[in-house]
Amino acid sequence: MAKLDAKIPEGPIKDKWTNHKNNINVVNPANKRLIDVIVVGTGLAGGSAAASLAELGYNVKSFCFQDSPRRAHSIAAQGGINAAKNYQNDGDSTYRLFYDTVKGGDYRSREANVYRLAEVSTNIIDQCVAQGVPFAREYGGLLDNRSFGGVLVSRTFYAKGQTGQQLLLGAYSAMSRQIGKGKIKMFNRHEMMDLVIVGGKARGIISRNLITGEIARHSAHAVVIASGGYGNVFFLSTNAMGSNTSAAWKIHKKGAFFANPCYTQIHPTCIPRSGEYQSKLTLMSESLRNDGRIWVPKNMKDVEAIRAGSMKPVEIKAEDRDYYLERRYPAFGNLVPRDVASRAAKERCDAGYGVNATGEAVYLDFASAIMRYGKEKAIIIHEPNASEARIQELGKKVIEDKYGNLFQMYEKITNDNPYETPMQIYPAVHYTMGGVWVDYNLMTTIPGCYAAGEANFSDHGANRLGASALMQGLADGYFVLPYTIGDYLANDIRTGEVSTSSAEFDEAEQVVKERLNFFINNKGTKSVDHFHKRLGKVMWDKVGMSRNTQGLKEAADEIRVIKEEFWKDVMVPGELNELNQELEKAGRVADFLELGELFAKDALDRNESCGGHFREESVEPDGEQKGEAKRDDVNFKYAAAWEWKGDPKDAELHKEELTFNDIELKQRSYK
Amino acid sequence: MTENGMNLTLKVWRQKSDKDKGQIETYQVKDISEHMSFLEMMDTMNEQLITAGKEPVAFDHDCREGICGSCSLFINGEAHGPDRGVTTCQLHMRKFKDGDTIYIEPWRSKAFPVIKDLVVDRTGFDRIMNAGGFISVNTSGNTQDANSIPIPKDDADHAFDAATCIGCGACVATCKNASAMLFVSAKVSQLALLPQGKIEAKDRVLNMVGQMDAEGFGSCTNTGACEVECPKGISLDNIARMNREFMSASITSDK
Ligand SMILES: Cc1cc2nc3c(=O)[nH]c(=O)nc-3n(C[C@H](O)[C@H](O)[C@H](O)COP(=O)(O)OP(=O)(O)OC[C@H]3O[C@@H](n4cnc5c(N)ncnc54)[C@H](O)[C@@H]3O)c2cc1C
Ligand code: SF4
Ligand code: FES
Numbered sequence: 000m001a002k003l004d005a006k007i008p009e010g011p012i013k014d015k016w017t018n019h020k021n022n023i024n025v026v027n028p029a030n031k032r033l034i035d036v037i038v039v040g041t042g043l044a045g046g047s048a049a050a051s052l053a054e055l056g057y058n059v060k061s062f063c064f065q066d067s068p069r070r071a072h073s074i075a076a077q078g079g080i081n082a083a084k085n086y087q088n089d090g091d092s093t094y095r096l097f098y099d100t101v102k103g104g105d106y107r108s109r110e111a112n113v114y115r116l117a118e119v120s121t122n123i124i125d126q127c128v129a130q131g132v133p134f135a136r137e138y139g140g141l142l143d144n145r146s147f148g149g150v151l152v153s154r155t156f157y158a159k160g161q162t163g164q165q166l167l168l169g170a171y172s173a174m175s176r177q178i179g180k181g182k183i184k185m186f187n188r189h190e191m192m193d194l195v196i197v198g199g200k201a202r203g204i205i206s207r208n209l210i211t212g213e214i215a216r217h218s219a220h221a222v223v224i225a226s227g228g229y230g231n232v233f234f235l236s237t238n239a240m241g242s243n244t245s246a247a248w249k250i251h252k253k254g255a256f257f258a259n260p261c262y263t264q265i266h267p268t269c270i271p272r273s274g275e276y277q278s279k280l281t282l283m284s285e286s287l288r289n290d291g292r293i294w295v296p297k298n299m300k301d302v303e304a305i306r307a308g309s310m311k312p313v314e315i316k317a318e319d320r321d322y323y324l325e326r327r328y329p330a331f332g333n334l335v336p337r338d339v340a341s342r343a344a345k346e347r348c349d350a351g352y353g354v355n356a357t358g359e360a361v362y363l364d365f366a367s368a369i370m371r372y373g374k375e376k377a378i379i380i381h382e383p384n385a386s387e388a389r390i391q392e393l394g395k396k397v398i399e400d401k402y403g404n405l406f407q408m409y410e411k412i413t414n415d416n417p418y419e420t421p422m423q424i425y426p427a428v429h430y431t432m433g434g435v436w437v438d439y440n441l442m443t444t445i446p447g448c449y450a451a452g453e454a455n456f457s458d459h460g461a462n463r464l465g466a467s468a469l470m471q472g473l474a475d476g477y478f479v480l481p482y483t484i485g486d487y488l489a490n491d492i493r494t495g496e497v498s499t500s501s502a503e504f505d506e507a508e509q510v511v512k513e514r515l516n517f518f519i520n521n522k523g524t525k526s527v528d529h530f531h532k533r534l535g536k537v538m539w540d541k542v543g544m545s546r547n548t549q550g551l552k553e554a555a556d557e558i559r560v561i562k563e564e565f566w567k568d569v570m571v572p573g574e575l576n577e578l579n580q581e582l583e584k585a586g587r588v589a590d591f592l593e594l595g596e597l598f599a600k601d602a603l604d605r606n607e608s609c610g611g612h613f614r615e616e617s618v619e620p621d622g623e624q625k626g627e628a629k630r631d632d633v634n635f636k637y638a639a640a641w642e643w644k645g646d647p648k649d650a651e652l653h654k655e656e657l658t659f660n661d662i663e664l665k666q667r668s669y670k
Numbered sequence: 000m001t002e003n004g005m006n007l008t009l010k011v012w013r014q015k016s017d018k019d020k021g022q023i024e025t026y027q028v029k030d031i032s033e034h035m036s037f038l039e040m041m042d043t044m045n046e047q048l049i050t051a052g053k054e055p056v057a058f059d060h061d062c063r064e065g066i067c068g069s070c071s072l073f074i075n076g077e078a079h080g081p082d083r084g085v086t087t088c089q090l091h092m093r094k095f096k097d098g099d100t101i102y103i104e105p106w107r108s109k110a111f112p113v114i115k116d117l118v119v120d121r122t123g124f125d126r127i128m129n130a131g132g133f134i135s136v137n138t139s140g141n142t143q144d145a146n147s148i149p150i151p152k153d154d155a156d157h158a159f160d161a162a163t164c165i166g167c168g169a170c171v172a173t174c175k176n177a178s179a180m181l182f183v184s185a186k187v188s189q190l191a192l193l194p195q196g197k198i199e200a201k202d203r204v205l206n207m208v209g210q211m212d213a214e215g216f217g218s219c220t221n222t223g224a225c226e227v228e229c230p231k232g233i234s235l236d237n238i239a240r241m242n243r244e245f246m247s248a249s250i251t252s253d254k
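Just so you know, the protein sequences line up as chains A and B, in that order.
Its first residue numbered 0, the first sequence is counted upward by one per residue in numbering that gives the first Met the number 0.
Its first residue numbered 0, the second sequence is counted upward by one per residue in numbering that gives the first Met the number 0.
This is the structure we're talking about:
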């Protein structure tokens with residue numbers, strides 16, 4: 000397996016990054032002006048990378064499919080960003096953040112990368128504040144923190160429920176400054192259609208102007224892919240409608256290995272689907288589980304009454320409710336990690352206890368928290384004899400201060416008032432830990448082609464902790480890539496401008512044009528969405544929260560059938576040389592269909608349960624942990640990196656063995 | 000109303016390209032659930048068009064949760080439609096009733112030319128940002144510790160409120176002068192309120208306002224319509240603050 004070298008620097012873990020930075024090559028400022036870098040994506044990873052590379056002096060070309068770089072999907076992140084600042088003096092440290100992330104990822108990530116992430120996390124906060132990012136502050140004027148997802152310290156920085164927006168606008172402003180100076184050339188409403196490799200190195204891309212349809216060639220000395228995650232392979236997810244895998248998939252087909260495609264995060268608290276017309280799902284931040292209690296009725300007759308509309312949830316007595324997380328996991332209760340909470344909701348709904356018409360919803364109830372906060376508040380304001388109604392009033396105010404914007408968002412969508420009746424929630428696809436395989440330098444298996452942010456597989460193992468995707472995106476773009484890419488580019492100072500008049504560019508352009516022509520001329524009978532929805536259903540039913548051998552085999556077969564029909568019968572109206580949103584979607588769904596099959600194959604291959612990947616064949620047989628996920632470190636302690644061989648079913652597996660020198664492997668227990 | 004939902008008549012702006020004149024087309028949709036979002040209703044209409052072999056209506060959208068600022072429809076004469084404090088994608092069909100006729104048009108402003116159907120070109124906003132919507136700080140691992148500059152909570156909160164602008168352009172679309180003052184003032188205010196942003200405050204306001212004028216946005220006559228339609232509740236106070244910043248910068252600038 001000589002092909003898979005993670006290039007982890009020597010030395011103790013805490014010195015690796017510093018030593019590496021001291022030892023790698025740098026490009027002198029005069030030479031940087033002679034070097035072009037393409038960055039695909041303007042989310043936190045791509046935006047921060049483009050700005051930093053331009054500040055260093057490289058000529059950057061930036062691409063995004065939205066009408067403005069500011070609209071990348073990162074904008075939607077709600078909860079917060081982690082950093083080991085230890086401002087709360089609660090014992091946080093680089094090591095603790097490193098440890099929590101490796102453990103949270105169920106011991107399936109690369110130690111050296113995660114340590115570096117924890118190490119640079121503090122710089123991110125300093126950088127963002129210097130840019131004018133308005134993080135939440137305390138009355139003394141210092142930065143505030145909140146706690147997140149089951150860890151024992153308060154290390155999450157936030158800007159109300161809009162942390163992603165504020166961080167992305169920070170990166171966008173840094174980009175804007177460089178665009179104004181001409182150091183970044185911005186190509187918005189442009190889609191990368193393929194990667195061009197010349198002499199074994201990534202040397203450019205083919206793009207399509209989404210307004211005019213024009214196909215163009217762009218050359219560079221290195222290409223960075225920061226195109227986000229592939230959660231939309233499920234059709235329904237919390238991702239933005241345009242989020243897609245195409246850029247990552249295109250480089251995969253040109254030689255970049257794709258790692259752990261089956262590692263997907265299904266987030267437990269999202270608004271349930273309401274009908275067949277549903278186009279996306281909306282997240283309700285994890286922070287709500289600090290105060291909300293999750294339950295379903297104990298008795299089937301109550302479930303039926305609720306569904307029939309003859310009973311309201313508030314009418315069900317406490318003893319007739321099943322607070323199933325508190326029952327099953329007394330130590331962590333409602334605050335178990337995301338994967339555990341999601342599977343438990345599915346278990347109850349599969350058993351028939353779902354509380355809405357579709358049978359796929361559980362309650363997230365704030366009534367106890369309202370009473371508890373109300374009583375505390377009554378004492379503080381010296382109203383010891385406050386009536387129950389008064390206590391409720393006071394309690395609701397406290398809840399509003401904490402979660403007001405989320406409650407309002409919920410009410411707008413469902414028309415239910417969550418202060419009066421419990422929220423209905425259900426798990427939904429949210430984030431993909433898998434992605435393009437990269438080494439310690441974030442370089443893929445194609446020389447000169449890098450992957451950053453959610454598009455790569457690097458830091459979260461089999462399960463991502465809350466508030467750490469934003470951290471990783473900005474770490475990659477601000478603090479890792481700008482150094483590591485220099486090491487590679489130092490060999491390119493004499494190359495000069497890369498020509499786009501070469502056989503390699505000709506061929507890549509030809510392939511892109513043929514595919515686009517095919518779609519327009521196919522004149523089938525079914526829309527792109529028709530196929531996307533079918534793919535999504537197979538993925539959700541058989542490659543979703545709970546997976547088994549038979550289902551996974553069936554899934555791969557069914558996806559192949561859909562793929563065949565898609566190529567025969569897809570209907571793409573409109574023309575080639577104009578804004579054509581169906582044409583854009585067609586290309587993306589074609590790639591999702593291939594990725595979906597590799598996804599199922601990877602899930603089948605990994606016959607263990609770890610993090611977000613749950614195999615029904617791999618559960619604890621007895622004892623206290625009976626029925627819980629069972630990891631298999633003897634056989635599966637590796638990252639699965641797949642090499643494209645012409646068809647997903649022929650993909651070849653390469654294993655990167657993971658070694659744990661600084662953290663002891665343990666079972667995750669939340670009982 | 001059928002048992003499956005509402006029947007609606009849609010009057011939709013169709014325009015092949017920026018060179019085309021454009022016109023209203025009429026479409027019927029049926030069985031629209033009140034729980035659908037407005038854009039899901041548009042999806043239903045488009046699916047119907049595609050199945051009939053026609054071209055679907057182009058419109059901008061991405062996050063569908065009110066934060067990316069992509070969606071931008073003028074519905075029955077109002078930017079983002081009849082509800083308040085929401086973007087088009089957050090508008091739900093329960094705001095309409097069976098038998099309604101709904102007019103759906105793009106943002107209309109000289110500075111936002113139509114690209115196709117309901118999609119407009121808002122890159123003028125980006126160019127205003129490129130002219131000065133930033134603090135000039137390079138990326139480095141050596142910026143000072145984030146807590147070394149305490150910021151009064153009130154200032155931080157006001158800066159945050161201004162910073163929640165999503166750049167959707169509803170303010171421009173709604174203003175009879177097509178002024179971009181609310182958008183520009185939100186960014187100017189955010190940065191002027193923070194100590195980090197004060198150093199460049201003068202140049203920033205002059206450059207951003209200069210670019211705003213160059214883009215062909217109209218002037219502000221204080222009608223206040225923008226604040227009403229702004230989905231993020233960006234306050235007119237920001238415009239007042241920007242006017243003060245601009246005045247003092249114009250007087251004292253050495254440019
Ligand atoms: C609702 C929601 C809430 C979240 N909340 C949090 C949170 O609180 N904390 C946290 O840490 N994480 C959170 N996450 C996860 C986090 O937001 C994402 O993982 C992260 O923002 C991804 O950033 P990125 O830069 O990798 O990609 P993205 O932000 O997805 O950007 C992708 C970019 O690539 C471009 N692109 C894609 N394909 C092409 C192509 N072919 N050609 C040209 N351009 C292309 C797009 O235009 C875009 O600019 C949340 C996610 C969701 C869905
Ligand atoms: S000020 Fe309001 S209406 Fe104008 S762009 Fe910003 S969010 Fe949209
Ligand atoms: S689609 Fe993002 S704000 Fe409406």
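Cβ atoms here follow ideal geometry from the backbone N, Cα and C, with glycine treated the same way.
The structure displayed is predicted, hence computed values, not measured ones.
Cβ-heavy atom distance, residue i to ligand 2, below 8 Å
i: glutamate 228 of chain B; result: yes
i: glycine 68 of chain B; result: yes
i: valine 397 of chain A; result: no
i: leucine 689 of chain A; result: Any property of residue 689 of chain A remains undetermined from this structure, which presents chain A solely from 0 to 670.
Endpoints, the beta strand (DSSP E) within which residue i is located
i: valine 223 of chain A; result: 221-224
i: glutamate 642 of chain A; result: 637-642
i: valine 25 of chain A; result: Taken as a continuous stretch (DSSP letters only), valine 25 of chain A belongs to no beta strand (DSSP E), as it is neither H nor E.
i: tryptophan 12 of chain B; result: 5-13
Under 9 Å between C-beta atoms of residue i and residue j
i: glutamate 410 of chain A; j: proline 421 of chain A; result: no
i: valine 28 of chain B; j: methionine 40 of chain B; result: yes
N-terminal and C-terminal residue of the alpha helix (DSSP H) that residue i is part of
i: alanine 468 of chain A; result: 468-473
i: isoleucine 270 of chain A; result: Isoleucine 270 of chain A -> no alpha helix (DSSP H), and no H or E assigned at all.
i: methionine 246 of chain B; result: 236-251
i: histidine 91 of chain B; result: That residue, histidine 91 of chain B, is in no alpha helix (DSSP H); it is neither H nor E in DSSP.
i: alanine 213 of chain B; result: 200-213
Residue i Cβ short of 8 Å to ligand 3 heavy atom set
i: leucine 205 of chain B; result: no
i: isoleucine 165 of chain B; result: yes
i: cysteine 88 of chain B; result: yes
Any non-hydrogen atom of ligand 1 closer than 8 Å to residue i Cβ
i: histidine 60 of chain B; result: no
i: valine 39 of chain A; result: yes
i: proline 68 of chain A; result: yes
i: tyrosine 425 of chain A; result: no
i: threonine 237 of chain A; result: yes
Interface partners of residue i on chain A, CB under 7 Å
i: glycine 196 of chain B; result: Gly131
i: methionine 35 of chain B; result: Tyr276
i: asparagine 146 of chain B; result: Tyr86, Leu141, Leu142
Chain B residues whose Cβ lies nearer than 8 Å to that of residue i
i: serine 175 of chain A; result: Asp125, Met128, Asn129, Gly132, Phe133
Chain B residues whose Cβ lies nearer than 7 Å to that of residue i
i: phenylalanine 478 of chain A; result: Gly140
i: tyrosine 138 of chain A; result: Lys152
Neighbour list for residue i in chain A, Cβ cutoff strictly below 9 Å
i: arginine 121 of chain B; result: Asp66, Ser67
Contact list for residue i against chain A, beta-carbon separation under 8 Å
i: serine 188 of chain B; result: The premise fails here: serine 188 of chain B is roughly 11 Å from chain A at the closest Cβ pair, so nothing lies under 8 Å.
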